[in-house]
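Chemist:
Okay, here's the thing in structure tokens:
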């Protein structure tokens, strides 16, 4: 992922309604959801929902699949994985230390006990 793509994705997610919308689509992955259902679930008017979906699609975080007269929207999980990878790609590079967190160590120890 390029820095520009990461900035565009982070910018799109920095608005409360868009973040809620993206999280809604992640919960409905991989099937996705239709605008009418999303508007009701998130208490957004259709024009507001459309505005936010356009921003998420433009940022590459959501894809739209037309099916006849309907459109299904899906979270692009590959895009969010790429964003997380971009954010962590240089993790602990300066110190040479492991990026393992205490919480992650505890979870691993609990599973292996």
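Numbering (UniProt numbering), first residue to last: 1 to 113. The beta-carbon is built from N, C-alpha and C at its ideal position, and this holds for glycine as well.
Rounded C-beta distance between residue 44 and residue 17? I'm assuming under 8 Å.
Modeler: About 6 Å separates the two Cβ atoms, so the contact holds.
Chemist: Is it a yes or a no for the segment 86–93 touching the segment 33–50, going by three-plus beta-carbon pairs under 8 Å?
Modeler: No contact exists between the segment 86–93 and the segment 33–50.
Chemist: Out of curiosity, what's the CA-to-CA distance linking residue 77 and residue 95?
Modeler: Cα-Cα distance, rounded: 31 Å.
Chemist: Give the secondary structure of residue 31 by DSSP, where H, G and I count as helix, E and B as strand, and everything else as coil.
Modeler: Three-state DSSP puts residue 31 in coil, outside helix and strand.
Chemist: Return the Cβ separation of residue 32 and residue 74 in integer angstroms, given the expectation that the two are a contact with Cβ distance under 8 Å.
Modeler: Confirmed, about 4 Å.
Chemist: Within 10 Å of its beta-carbon, does residue 52 have 16 or more other beta-carbons around it, so buried, or fewer, so exposed?
Modeler: Flag for residue 52 reads buried.
Chemist: Identify the residues that DSSP records as bridge partners of residue 72: which are they?
Modeler: In DSSP, residue 72 forms a bridge with 65.
Chemist: Have a look at residue 61 and residue 5 and give me their C-alpha separation to the nearest angstrom.
Modeler: So the alpha carbons of these two residues sit roughly 10 Å apart.
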